[in-house]
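To convert, take the position in the sequence shown, counting from 1, and add 50; that gives our numbering.
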Amino acid sequence: MVTPRVVPEEGLQIVRKSDDRRPETDVKNLEIIGWVTSCRFSPTLNEVIGLCWLPAEVAEQEGALFTIHREGRLVEAQVHHGAFYDEDALRLRS
């Protein structure tokens, strides 16, 4: 998540502006392009991680920014292609 400490709930809409001439705070100007499927705060990474469904043209781009509509606010998130795991199992041995 680009917006720190915000944990979007499952089922929230991923949106983009449908008309550049209108402000993105206008809900009628938002087009739904996907949704959040799961999301949690990771104490190990000290940030929010989640899974979501995005159109292929957005999901294929590492680092692509996208917007989540949450409680009337817009929250920015970012595509990450890598795995979130302890490759060397260092935490397991601690």
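Ideal Cβ positions, reconstructed from N, Cα and C, are used throughout, including at glycine. As the structure is a computational prediction, the values presented were derived from the model and not from experiment.
Given a threshold of 16 other Cβ atoms within 10 Å of its Cβ, counted over all protein chains shown, does residue i qualify as buried or as exposed?
i      : result
Ile82  : exposed
Pro58  : buried
Ala127 : buried
Assuming contact is defined by CB atoms lying nearer than 9 Å, are residue i and residue j in contact in what I supplied?
i      : j     : result
His119 : Ile99 : no
Give the straight-line distance between the Cα atoms of residue i and residue j, rounded to the nearest whole angstrom.
i     : j      : result
Arg90 : Leu62  : 13 Å
Val86 : Leu104 : 9 Å
Considering only residues of the same chain and omitting the five flanking positions on each side of residue i, which have a CB-CB separation below 8 Å?
i      : result
Phe134 : Ser92, Leu95, Ile99
Leu142 : Asp136
Glu60  : Val86, Thr87, Ser88, Cys89
Near residue i, what residues of its chain come up, given a Cβ to Cβ distance below 7 Å and the 5 sequence neighbours on each side ignored?
i     : result
Val65 : Leu80, Glu81, Ile82, Ile83, Thr117, His119
Below 6 Å CB to CB, which residues in the same chain sit around residue i once its five sequence neighbours on both sides are set aside?
i      : result
Ala114 : Val108, Val129
Checklist line | Complete beta strand (DSSP E) runs within the stretch 83-118 (minimum length 3 residues, chain order) | finding: 97-103
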